[in-house]
Amino acid sequence: MSNFAVMLNNMPEYFDKYYQQIITALELDSLTDQEKQLVEYVVHQMFLDAINTACSKALSPEELAKVEVFLDFHPEATLLDIYFAAASHKDNIDELIALELQNAVTDAKKLYNELEA
3 MSNFAVMLNN MPEYFDKYYQ QIITALELDS LTDQEKQLVE YVVHQMFLDA INTACSKALS
63 PEELAKVEVF LDFHPEATLL DIYFAAASHK DNIDELIALE LQNAVTDAKK LYNELEA
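The sequence shown begins at 3 in our numbering and counts up one residue at a time.
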């Protein structure tokens, strides 16, 4: 199975792990179901942003330029889809995604603490 296929298969697991890290880091275990749904929506957006950032960092300037051209000819495609497809074959993409997800947890905790202060 290609790295791309493995990554796609593992996305639900990646998200669940990331979601639990956010819940634990922000000590949100006691939320109501409705509150958890809202948090899950926000965390999902953060997750996608982290994946997008990691994929864009994995691409060279030349590859990023090709992505821009591809987007011009395929407006139905999303930036995340194209970045992910272009970066999925990179040797370091798993590490970049893990790093960006960890950075997002750290940033979320920092922002949450600032809001509580």
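Virtual Cβ for every residue (Gly too), placed ideally from N, Cα, C.
- In this structure, DSSP gives His76 a state outside helix and strand, which the three-state scheme calls coil.
- Here Val45 is near Tyr20, since their CB atoms are less than 8 Å apart.
- The beta carbon of Phe72 is closer than 8 Å to those of Ala79, Ile84 in its chain, skipping five residues each way along the sequence.
- In this structure the stretch 84-96 does not lie against the stretch 105-117, because fewer than three pairs of beta carbons, one per stretch, are closer than 8 Å.
- Going by C-alpha positions, Ala100 is about 9 Å away from Ile53.
- In this structure the stretch 23-31 touches the stretch 103-110; the number of beta carbon pairs closer than 8 Å is three or more.
- Straight-line measurement puts the Cα of Asn94 at about 16 Å from the Cα of Leu10.
- Between Leu66 and Ser58, the C-beta gap is smaller than 8 Å, which places the two residues in contact.
- In this structure, DSSP gives Thr108 a helical state, which the three-state scheme calls helix.
- Asp31 and Asp96 have their C-alpha atoms roughly 28 Å apart.
- Under the three-state reduction of DSSP, Ala119 is assigned to coil, being neither helix nor strand.
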